[in-house]
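Participant:
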Amino acid sequence: MLKNLNKINIFIFLSYFLLLSLIISQNILSVSHDRFIQENELLNYNRKPYFKLEDIDKIEECVPVAILGGGPGALSAAIYCGRSRIPAYVFMGPNPGGQLIQTSYVENIPGVKRQFGAEIIETMTDQAINFGAHLLEETIIEIDFSDSSKPYKLTTSEGKTISALAVIIATGSSPRKLGIQGEDKYWGRGVAICALCDCTLFTGLDVAIIGGGDAAIEEATLLSSYARQITIFVRKEKMRAAESMQDKLAQYPNVKVVYNKVPLEIEGDEQVVTALKYMDTENNNKIETIPVSGVFLAIGSNPNSQMFAPHLALNKNGYIITDRHQETSAPRVFAAGDVSDAIFRQAVIASATGTIAGLNATALLKNGGFTFNVMEKLSPKLYRSAKKNAFKKVNLN
Ligand code: NDP
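Take any residue in the sequence shown, note its place counting from 1, add 679, and you have its number in my numbering.
#1: What does a CB cutoff of less than 8 Å around Ala807 pick up in its chain, not counting 5 residues either side in sequence?
#2: Taking the alpha carbon of Gly1016 as the point to measure from, which residue in Ala1009, Ala1026, Pro1010 has its own alpha carbon closest?
#3: Using a 10 Å radius around the Cβ and a threshold of 16 neighbouring Cβ atoms, would you call Gly838 buried or exposed?
#4: Measuring alpha carbon to alpha carbon, tell me which of Leu1057, Ile847, Lys956 ends up nearest Ala1009.
#5: Going by C-alpha to C-alpha distance, which of Ala988, Asn1052, Leu976, Gly748 sits closest to Gly851?
#6: Run the CB neighbour count on Lys737, radius 10 Å, all protein chains shown included, and call it buried at 16 or more, exposed below.
#7: Could you work out which residue in Cys876, Gly867, Val886, Ile746 is closest to Ile841 when comparing CA atoms only?
#8: For ligand 1, is there a heavy atom less than 8 Å away from the beta-carbon of Met918?
#9: Excluding sequence positions up to five away, which residues of its chain have a Cβ less than 6 Å from the Cβ of Asn706?
#10: Taking all protein chains shown into account, do 16 or more other C-beta atoms lie within 10 angstroms of the C-beta of Asp948, making it buried, or fewer, making it exposed?
#11: For a quick check, are the C-beta atoms of Arg1011 and Ala845 less than 9 Å apart?
#12: Please check the pair Val1081 and Val913, which I expect to be a contact at CB under 8 Å, by giving their CB distance rounded to whole angstroms.
#13: Please classify Phe1023 as buried or exposed, where buried requires at least 16 other C-beta atoms within 10 Å of its C-beta.
#14: For Ala988, which of helix, strand or coil comes out of DSSP?
#15: How many angstroms separate the CA atom of Val791 from the CA atom of Ser853?
#16: Taking the alpha-carbon positions, what's the Asn994 to Gly883 distance?
#17: Can you tell me which of the three DSSP states Ile1022 falls into?
#18: Would DSSP call Phe824 helix, strand or coil?
#19: Compute the Euclidean distance between the alpha carbons of Arg1063 and Ile820, then round it to the nearest angstrom.
#20: So, helix, strand or coil for Val1053, using DSSP?
#21: Rounded to the nearest angstrom, how far is the Cβ of Gly979 from that of Arg855, given a contact under 8 Å?
#22: Just curious, the beta strand (DSSP E) that Ser972 is in, first and last residue?
Encoded structure:
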């Protein structure tokens, strides 16, 4: 009798256990299923523009998509707008080609063998033009964000006003400065930021490079064929650069890295740079001076987002915040590349985010009824820049 009772108890317990396991696993499955559906819904970009397309008739000097910037983010966005059959108007701004044009060999873009940054930009430029983009040597200095229910009003540096149905901001970033004495005074007279541009000026001379990232190593390898001795000043006890980049330095006997050295002042003879004063933090903060003819800054960059600060959500370091569709806090305004990438700042990522922005800006217009017929109707109203496609080739020198 007692034996039978035990068997019944075990049976009840096992059944209960099985039922409970079934309920839990069902719940887990349904939760992950829900999450999967949500993720996929997020991937479908279904946004529509707020303005009415019939209002287009009233617009003069119109562009369907205005892209601000001239680097890989801007050009990739232009290529993908063109592939969606909506022409992009690229306002290249003060730095056509972006920072990639100042880099020597690029070897980390998947599918591209070691190639000059400027050559990669030239290929992208050709691709964008082939897909119908208008590359303009013009700079947008202001966007009127006040009425998001209408096309945005953009002002060029020459005072023209243009209406844009969608906007992609890919204005990149600019090299940071040290903010120490002598930096501005000797800017262009020994203080430099682009070894590719200025390396020949330092033939046979000693130079200092400030910074511990990939750019510092890149500058050192470029300068090594010209300068006599190159010293890389790293402010901490180690470099931030990729290990593979650091390993490269062994091939360059005239490049030396010094750690825990904080730059204090760039000294000169009133004409050109003569020395760098620094603090040695591993030696009781001793102040030292090294005689050099050049100081190259490779200390990172700041996003070119000042113009948008009062209107768009930016993070604490000034990078434009976007959602996963690259759309900013303002509707129909997208951002791509370094201006919205606080972490990676790679050309390949600028291209990727530019692609997303281009695809979504055009999808948004199409969702709102922007068809080929509308495009035809808009044709006489399109912005006719005096500098239409003026920017064809980048200068490789
Ligand atoms: P990073 O931000 O990676 O590095 C900046 C360096 O400058 C850091 O070592 C930083 O020191 C140092 N620094 C910053 N401020 C000061 C200061 N006031 N005084 C002294 N040192 C200072 O910038 P990079 O331009 O090197 O690289 C940016 C991005 O571009 C990275 O993602 C990089 O991978 C990429 N890149 C890739 C290249 C390639 O692959 N060929 C070439 C060049 C760049 P600390 O570490 O102490 O903060």
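Glycine is no exception: its CB is placed at the ideal position from the N, C-alpha and C atoms.
Facilitator: Looking at the coordinates:
#1: Leu754, Ala757, Ile758, Gly761, Ala767, Val769, Leu814
#2: Ala1026
#3: exposed
#4: Ile847
#5: Gly748
#6: exposed
#7: Ile746
#8: yes
#9: The predicted position of Asn706 is uncertain, since its pLDDT is 48 and thus under 50; a value taken from the coordinates is nonetheless stated next. Here the set comprises nothing.
#10: exposed
#11: yes
#12: Any property of residue 1081 remains undetermined from this structure, which presents the chain solely from 680 to 1076.
#13: exposed
#14: coil
#15: 25 Å
#16: 44 Å
#17: coil
#18: coil
#19: 18 Å
#20: helix
#21: 5 Å
#22: No beta strand (DSSP E) holds Ser972; DSSP gives it neither H nor E.
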